Every structure is written in structure tokens, then in C-alpha cells.
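The opening residue of the sequence shown carries number 5 in the working numbering; numbering runs sequentially from there.
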Amino acid sequence: MDIKALKRFTIPQILLAIAAFLIPIIGGQISTDRTTLEPGLGALLRSSLGGPFLSGMETPLFSHFILGALIAAAMIYLLSRRSVLQLPNIGLLGLTIAFFALLTLSVAFSSFKFVSFSALTEWLIYALAFLTVVTALGRQSGPRLVVTCLFAGIAVIALYGLRFEYWPASATEPSYRIFAGWINPNAAAGIFLIGFLLGVALLLQALERGPSLIVGLSTVLIGIALLLTGSKAGFAAFGLAGVSSFVILSLFLMPGIKKVVGPGLVIGLAVISFGMYKAIQMKNATAKGGASLGRVTAYGETSEQSWTFRKLLWQGSVAATKERPIGYGLGTYGTEGSRSGLTTPTALTHNSILQLAFEASPLAAATFLAFLMYWLVLVLRGARNMTVESNALRIGIVSAVLATMAQGLFESNLYYFGIGLTIFILFGVGLNLGADSVAPEFTPKGVRTALALLSFLPILGILYCSYGELQKSNIRYLVGAGSYSEASDAAKSLVGITPTDGEAWALLARLDPNQRLEASKRAAELSPSPKNYRQLSAIYESKQEYASARSALRQALIRDPNNLPALSRDLALLQSMGNLEEADKVARRMIAVESTSYFTVKSLAQLIETDTCDAREYLASRSKSAEEKASLLQGALDLYARYAAATVPEVKRFSESGGNLAGEDSQVASDKCNKGLKIADELTQIYRALGDSSKVNEVAGARKVLEEGLASLGAK
């Protein structure tokens with residue numbers, strides 16, 4: 005597209021197009037408390053704008069701020085230049101206002117106010133994007149420009165995932181699932197299925213003016229990338245909702261012979277993508293493993309575990325929502341979602357609607373569904389009378405939205421900023437294509453000024469939150485570099501700027517001995533997570549304030565009743581106090597957790613929990629019965645052996661790339677294997693004394709597994 009062609013687009017349309025192109029590249033991460041970033045403007049720009057190409061993405065909120073700022077600039081520019089604005093259908097606008105009002109209200113009910121406020125700013129950017137698209141794009145070239153730029157951005161990360169990620173990894177790991185710069189492969193699958201369906205729509209639209217080889221090839225590339233994510237939910241949503249709705253809508257909306265062109269394109273390109281994927285798979289396959297698609301077609305232990313874990317998340321979410329129907333606050337599922345005791349803490353509930361109900365109330369979830377249904381009615385009403393080009397784009401947008409909603413039954417995909425923002429942009433584009441879904445309205449200057457200020461508020465809010473995220477990443481970097489004094493000063497400055505951020509206070513508690521207790525109390529008050537209460541308990545214990553230490557641990561167990569690190573700390577605390585009778589109860593409570601879904605079904609099947617081994621060793625040391633002692637220690641040995649077989653290889657893989665597996669690094673893994681070997685020695689003596697040679701041989705087998713695990717880590 006040349007400069008002359010660009011002149012027919014308005015500045016707001018160009019700003020929206022730039023945002024649309026960047027969304028897939030820099031919008032795929034979520035904020036965590038594990039990122040580290042060196043201080044400096046250069047590092048920040050690399051992190052927030054570089055996407056996967058510069059190995060950045062340590063500051064997702066800053067990336068989201070940039071996208072939001074582009075959208076807000078488009079809206080504010082428009083409000084400053086026009087008095088007649090195009091607005092959505094009044095009924096849909098009412099549902100939009102009601103939905104986002106309920107999300108805003110949920111912050112008031114949150115126990116994690118800073119977290120909820122941060123999440124709210126992202127959702128408000130969704131709303132801003134929807135209204136800006138409706139107001140700025142128009143009906144013809146504007147929608148096509150934004151959809152084309154979005155599609156181009158998705159094609160770019162598809163190329164990255166294939167060329168720079170899968171290709172190098174496949175030689176040693178053919179089953180590698182690509183991330184393509186997104187937080188996980190399932191999230192990447194969500195943006196790829198949108199891109200594929202939009203690509204087919206653009207190709208169908210382009211056929212009116214002549215074939216488009218670039219669009220066709222890019223669509224196939226995105227299809228291959230979708231397959232390489234290995235996402236079962238993504239594939240199911242693509243086939244059952246995306247392709248099927250594209251076919252049905254084409255048959256319903258397109259005239260004459262063109263009724264079969266759309267189905268032919270979407271099915272044909274899907275088949276070509278699969279064929280090329282298989283060719284790549286065969287070329288890169290080795291004796292070490294299968295292909296990405298094997299994870300989907302082989303419904304074995306991993307598949308069953310994943311499905312069972314999701315069902316438990318949904319059951320726990322529903323149970324907790326019934327207990328508190330007003331919601332727990334946006335963004336709080338990761339810390340509030342384990343109240344049922346069915347699962348370990350998990351960031352997302354793997355269902356967008358259930359998570360909305362959990363965090364913002366069932367009414368908010370119902371309002372969103374009403375919005376979605378009414379949007380479909382408005383977009384499809386009178387569509388048969390619209391042009392072929394308009395309907396081609398309409399078919400792609402509706403199919404992409406339906407496929408995303410279908411994937412949202414198994415993934416909390418709206419909580420991935422890039423997908424959520426994309427869908428609300430598509431809501432706006434689709435509405436503009438409707439026969440009577442938008443209307444021009446005269447807007448007085450005072451109202452436009454107020455709207456401009458409202459547009460600026462979520463951008464200011466996310467900038468504030470992203471500054472806090474940046475400073476915390478910088479502090480963690482300084483700690484890793486050994487600059488503790490500088491890190492402490494930065495933490496003191498941060499709590500002055502973001503005084504309601506509990507995690508900032510938790511960092512200060514770890515860095516400043518003089519404020520350790522007070523900062524930890526403040527952290528637990530503002531962010532009452534089990535982690536912060538465990539930290540507070542440890543501080544009380546160091547001061548020999550044992551009653552307060554145990555009280556903090558009881559608070560940790562409110563939101564996560566089976567939290568094994570908290571129970572393990574309580575066990576150690578009771579032993580220090582000499583309260584062995586109570587310690588026995590806690591130890592048996594820990595062992596009882598082993599029989600629950602909380603312990604047996606994990607989000608990561610390869611992560612074997614070993615915290616209960618300490619409880620077993622403690623009770624074994626208290627037992628006078630050789631048989632009981634053997635039974636307790638055998639359970640601990642079995643867990644350590646499973647850890648060595650399943651977890652150690654993953655720890656090794658992550659350690660080689662400089663990371664860790666959920667906090668487990670090579671040193672931690674080596675220590676656990678050595679603990680297992682000590683138990684094996686003790687068990688061998690017990691079984692020999694009992695005359696049980698078969699058990700002696702069984703212990704020898706476990707010992708071999710542990711020794712192999714140690715050897716693989718390069719430890720002794």
C-alpha cells in the first residue's frame with residue numbers, strides 16, 4: 005500500500021490499523037511476579053515493543069498500555085474534530101455500559117484491590133476499542149484496513165513460530181508446541197484460529213478483484229502454526245465452530261455459485277495447511293518422539309489429566325461463586341480460586357464465562373452473553389441485502405468470534421489481552437458492517453470533552469499499573485544481580501508510589517530488615533494470598549511469636565485449605581514449639597491431602613508434589629511400629645521416585661535454558677533425590693529386619709530411578 009492509497013484513510017483509522025497489527029505481536033503475555041528486567045529506557049522499549057523477536061515481553065502491561073494509547077489517541081482525535089459521531093445501536097450500547105459497570109463494581113468487592121484495578125484497566129481498554137472502532141472506521145475501506153492489519157500481524161507471529169521457534173526445536177523435540185510470543189500454546193492457538201478465518205474472509209473478498217496469492221499463503225502459514233500449537237481446544241473450536249459457521253454463513257449469505265466458494269476456500273485451505281504440516285512433521289520427526297498433533301490424537305494419560313483438571317476447576321469455580329454471588333473481584337481467580345480445595349492455585353479457570361461469573365458475578369457473565377447474542381442479531385440482520393465484499397468480511401468476523409467463544413469454553417481466552425482486545429475490535433467492525441446496527445448522532449462539545457476524558461482514564465490507569473510492574477521487574481533484576489541496597493531503595497520508592505500494591509510491600513519486606521514485619525503485615529492486608537501470609541508467619545516465627553505465626557498460617561489456609569507449603573510450615577513450627585500432639589494432627593492432615601484431587605490432579609502432570617514426604621518422615625520417626633514406619637516411608641519413597649522419573653527431566657530441560665519449573669531448579673531437584681536415597685537406605689534396613697525380600701528389591705528399583713535422576717542433573 006503506497007502513500008497515495010493511505011491518504012484516503014483518516015488519522016484515527018491509521019492509528020487503529022497500527023494497533024491491530026501490533027496486537028498479535030506484543031499483546032500475548034500476562035503480567036506475572038516472576039519477570040526480571042534491567043533498569044533503563046532501552047530495556048523497557050525492547051521489552052514492551054520487541055515482542056518475541058527481541059526476547060522481551062518482561063513488562064506486558066507496558067505493551068498493553070502502548071496498544072491502549074494508540075486506540076485512545078484515535079478516539080480523542082476523533083472527538084476533537086467531529087460533532088456527529090457514529091454510535092452503536094442503543095440497546096447494545098446499554099448492554100455494553102451495564103457489563104463494564106458490573107466489572108468496575110467488582111473492584112469494590114475485591115480483597116486484592118490493586119490486582120483488580122489493574123485487570124479493570126485492561127477490560128476498559130476493550131470497551132474503548134469497541135466504541136472507537138464503531139465511531140472511526142465507517143463501513144467500507146476502514147473495516148478492511150483494520151482486519152487486514154490484524155491478519156498481517158498474526159501472519160508475522162505465525163512465521164516467527166514456525167521459522168524461529170519450531171524449526172530449531174524440532175530436531176531434538178518433534179512434539180514441541182510453539183508459543184509464538186504468547187504466554188502459552190493454547191493462547192497462541194486462540195489468535196491463530198482468528199487469523200485463519202479472517203484470512204479466508206479476506207481471500208474471499210479479494211476474489212471479487214482478482215486472486216491474492218499473499219493472503220492465501222499467509223492463511224496457510226497461520227493454519228500450520230495453529231497445528232503446531234498442539235491445542236486440543238483450539239482445534240475443536242476451529243473445526244466445530246469456526247469452519248462450520250463459515251460454511252453455514254457462506255451458504256446462507258452468498259449469492260449463486262458463490263455459495264460454494266466460501267466453504268471450498270475454508271475447507272481447502274485447512275486441508276492444505278494440514279498437508280503441509282504433515283510434510284514438516286515427517287521431515288523433522290526423529291525416534292525421540294511424535295509430533296504436535298500426536299498430543300491431540302493420542303487421548304492418553306496427559307489428555308485425560310488435562311480434561312479432569314479443567315472439570316475440577318469448573319466445579320470449584322461454580323461452588324465458590326454460589327458462596328459469593330457478588331464476585332471476588334476482577335483478576336483474583338489465581339488467589340481466590342482454590343477455596344474449594346479441589347485444585348491447586350491456578351491463574352485462570354479455563355472458561356471465560358465461568359471466570360467472569362466468579363470474579364464479577366453471574367449477572368456480569370449473563371450480561372456479556374446477552375451482549376454477544378444481540379450483537380449477532382444486529383450483525384446478521386439484513387445481511388442478504390448487503391454486497392458480496394461486505395458479507396465476505398462479515399462471515400469471517402462472525403466465524404472468528406464464534407470460534408473464540410467456543411474455545412472460551414475450555415480456555416479463559418478473553419483474559420489474554422491480545423485475544424480480548426481483538427474480539428472487541430471485531431465486535432466493532434462487525435457492527436459497522438450491519439444494515440442498521442449503528443447510527444450517526446450529534447454530540448455537544450461538552451459531552452465530547454467528557455468522553456475524551458473518559459477515554460484517557462483507562463490509559464492513565466494502566467500506565468500507573470505498568471509503572472509498578474516495571475519497578476518490580478527492575479527490583480527482581482537488582483536482587484538477582486546482588487545489588488540489594490539499590491533494590492531496597494527502589495522498593496521503598498515503589499511503595500510510596502503504589503501504596504495499595506501488596507506485592508510491592510512483600511518485596512520491601514524481603515529487602516529491608518528494619519521494615520520487615522510492618523511491610524509484611526501490609527502486604528498480607530492488601531494482598532491476602534497464601535504466599536504473603538506464609539512470609540508473615542516466617543517473620544513472626546523468627547521473632548519467636550509462635551501464636552501469631554500460626555495465626556498467619558490459618559489465614560493462608562482460608563483461600564487454599566490444602567496449601568501444602570503452609571501446612572508444612574505449620575508442622576515445622578509445632579515441632580519447634582514442642583507441641584508434638586498438634587504436630588501429629590497436622591502431619592496426618594497433610595497425608596490425607598494425598599488422596600484428594602488437589603494432590604492427584606495437577607495443571608502440570610509432570611510436576612510431582614513432595615511436600616507430604618516431610619510429614620511421612622516425621623510420623624515415621626514418632627512410630628514405634630516397624631510396619632507402620634515402613635508404610636509411611638514407602639509412601640515418601642514412591643513420591644520421590646515419581647519425582648525423579650517425571651519431574652527431574654523437565655527441571656533439567658528448563659534449567660538448561662536458564663529457567664525453572666514452577667520454582668523447581670536443579671539444586672532443589674538434587675536435594676529431593678538425595679532425600680529419597682536416604683529414605684531408601686532406611687527402608688532397606690527395615691524390610692531386611694522384617695524379612696521382606698520382595699520389598700527390598702522394590703526399594704532397589706526406586707533407588708535406581710533416583711540415582712539416574714541425580715546423574716542426569718550432573719549431581720552426586
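All C-beta atoms in this analysis are idealised placements derived from N, C-alpha and C, irrespective of residue type, glycine included. Here the structure is a predicted model, which is why all the values come from computation and not from measurement.
Arg299 - DSSP class collapsed to helix/strand/coil:
Your numbering for residue 299 matches position 295 in the sequence shown. Because the pLDDT of Arg299 is 45, which lies under 50, any placement of that residue in the model is unreliable, and the number read from its coordinates should be weighed accordingly. Arg299: helix per DSSP, three-state reduction.
Which of helix, strand or coil DSSP assigns to Glu585:
The residue labelled residue 585 in the question sits at position 581 within the sequence shown. Helix, per DSSP.
Sub-8 Å separation of Ala193 and Gly238 beta-carbons:
Counting from one through the sequence shown, the residue named residue 193 turns up at place 189. Counting from one through the sequence shown, the residue named residue 238 turns up at place 234. The answer is yes: Cβ separation under 8 Å.
Which class does Phe446 belong to by DSSP, given the choice of helix, strand or coil?
Here residue 446 corresponds to residue number 442 of the sequence shown, with the count starting at 1. Three-state result, Phe446: strand.
Length of the line joining the Cα atoms of Leu687 and Leu201:
Along the sequence shown, one-based indexing puts residue 687 at 683. Along the sequence shown, one-based indexing puts residue 201 at 197. Taking the straight line joining both Cα atoms gives about 60 Å.
Rounding to the nearest angstrom, what Cα-Cα distance links Glu551 and Gly718 in this structure?
On the sequence shown, position 547 is the one that residue 551 refers to. On the sequence shown, position 714 is the one that residue 718 refers to. A small correction: the amino acid at residue 551 is Ala; Glu does not occupy that position in the sequence shown. Looking at the two C-alpha atoms, the distance is approximately 43 Å.
Which stretch, first to last residue, makes up the alpha helix (DSSP H) that contains Leu211?
Residue mapping note: residue 211 aligns to position 207 of the sequence shown, counting from 1. Run containing Leu211: none; DSSP gives neither H nor E here.
Anyone know if the C-beta pair for Ala404 and Leu373 falls short of 8 Å?
As a working mapping, residue 404 is identified with position 400 in the sequence shown. As a working mapping, residue 373 is identified with position 369 in the sequence shown. For Ala404 and Leu373, no; Cβs fall outside 8 Å.
Report the partner residues of Leu710 according to the DSSP bridge assignment.
Within the sequence shown, numbered from 1, the residue matching residue 710 stands at position 706. Answer is none; Leu710 lacks a bridge partner.
Between Ala640, Ile195 and Ala78, which lies nearest to Asn417 when the distance is taken from Cα to Cα?
Position 413 of the sequence shown holds residue 417. Of Ala640, Ile195 and Ala78, the residue nearest in Cα terms is Ile195.
Leu515 - containing alpha helix (DSSP H), residue span
The sequence position of residue 515 within the sequence shown is 511, counting from 1. Element bounds for Leu515: Gly506 to Leu515.
Using only alpha-carbon positions, find the residue among Ser235, Ala159 and Phe134 that is nearest to Ser179.
In the sequence shown, residue 179 corresponds to position 175, counting from 1. Answer by Cα proximity: Ser235.
Cβ shell of Ala624 (< 6 Å), same chain only, five flanking positions each side left out
For the purposes of this step, residue 624 is taken as the residue at position 620 of the sequence shown. Here the set comprises Lys633, Leu636 and Leu637.
Touching by the beta-carbon criterion (3+ pairs, under 8 Å), the segment 471 to 491 and the segment 125 to 141:
no
Measuring straight from C-alpha to C-alpha, what distance separates Gly32 and Val111?
By 1-based counting over the sequence shown, the position of residue 32 is 28. By 1-based counting over the sequence shown, the position of residue 111 is 107. Their Cα atoms are separated by approximately 24 Å.
DSSP three-state call for Leu334: helix, strand or coil?
Along the sequence shown, read from residue 1 onward, the residue named residue 334 stands at position 330. Coil, per DSSP.
Just tell me which of Ala443, Thr391, Pro366 and Ile399 has its CA closest to the CA of Leu380.
Taking the first residue of the sequence shown as position 1, residue 380 is located at position 376. When only C-alpha atoms are compared, the closest one is Ile399.
Between Leu202 and the ligand ADP, is the CB less than 7 Å from at least one heavy atom?
Ligands in the displayed structure: none, and consequently the ligand ADP is not present.
Met79, buried or exposed, once every other Cβ within 10 Å from all chains shown has been counted against 16:
Locating residue 79 in the sequence shown gives position 75, counting from the first residue. Counting Cβ neighbours within 10 Å, Met79 comes out buried, since at least 16 surround it.
If you measure between the beta carbons of Ala650 and Ile683, is that distance less than 8 Å?
Mapped onto the sequence shown, residue 650 falls at position 646. Mapped onto the sequence shown, residue 683 falls at position 679. The answer is no: Cβ separation not under 8 Å.
Tell me, which residues are paired with Pro92 by DSSP?
The residue given as residue 92 occupies position 88 in the sequence shown. BP columns for Pro92 point to Val442.
Specify, as a first and last residue, the run of the alpha helix (DSSP H) that Pro534 falls within.
Residue mapping note: residue 534 aligns to position 530 of the sequence shown, counting from 1. Here the alpha helix (DSSP H) through Pro534 covers Pro534 to Ser546.
For Glu668, which residues does DSSP report across the bridge?
Within the sequence shown, residue 668 is the residue found at index 664, counting from 1. DSSP output for Glu668 lists Leu665 as bridge partner(s).
Environment of Ala528 [buried if 16+ CB atoms lie within 10 Å]:
Numbered from its first residue, the sequence shown carries residue 528 at position 524. Buried is the call here.
For my contact list, Pro172 and Gly422 are in at a C-beta cut-off of 8 Å; report their separation, rounded to the angstrom.
Translated into the one-based positions of the sequence shown, residue 172 becomes position 168. Translated into the one-based positions of the sequence shown, residue 422 becomes position 418. Not confirmed; about 24 Å, so no contact.
Determine the burial state of Val590: buried for a count of at least 16 other Cβ atoms within 10 Å of its Cβ, exposed for fewer.
Stepping through the sequence shown from its first residue, residue 590 is reached at position 586. It counts as buried.
Restricting to runs no shorter than 4 residues, where is the alpha helix (DSSP H) found entirely within the segment 334 to 414?
337 to 340, 356 to 364, 366 to 384 and 392 to 411
Where the alpha helix (DSSP H) containing Ile70 begins and where it ends:
Walking along the sequence shown from the start, residue 70 turns up at place 66. Its alpha helix (DSSP H) spans residues Pro64 to Arg85.
Three-state secondary structure (DSSP) at Arg657?
As a working note, residue 657 is residue 653 in the sequence shown. The answer is helix: DSSP assigns Arg657 an H, G or I state.
Every unbroken alpha helix (DSSP H) inside the segment 668 to 694 [4 residues or more]:
670 to 694
First through last residue of the alpha helix (DSSP H) which encompasses Gly146
For this step, residue 146 is matched to residue 142 along the sequence shown. Unbroken alpha helix (DSSP H) run through Gly146: Ser145 to Tyr164.
Any idea what DSSP makes of Phe116, helix, strand or coil?
Position 112 of the sequence shown, counted from the first residue, corresponds to residue 116. DSSP places Phe116 in coil when its eight states are reduced to three.
Just the C-alpha distance for Cys469 and Phe66, rounded to the nearest angstrom, thanks.
Counting from 1 along the sequence shown, the entry for residue 469 is found at position 465. Counting from 1 along the sequence shown, the entry for residue 66 is found at position 62. Cα-Cα distance, rounded: 9 Å.
Element boundaries [alpha helix (DSSP H), containing Asp696]:
Here the question's residue 696 lines up with position 692 in the sequence shown. That residue, Asp696, is in no alpha helix (DSSP H); it is neither H nor E in DSSP.
Taking the alpha carbon of Ala47 as the point to measure from, which residue in Phe428, Lys708, Pro534 and Gln475 has its own alpha carbon closest?
Residue mapping note: residue 47 aligns to position 43 of the sequence shown, counting from 1. Nearest of Phe428, Lys708, Pro534 and Gln475 to Ala47, Cα basis: Gln475.
Closest by C-alpha distance to Leu437, when choosing among Ser629, Leu578, Leu384 and Gly243:
By 1-based counting over the sequence shown, the position of residue 437 is 433. The residue with the shortest Cα to Cα distance from Leu437 is Leu384.
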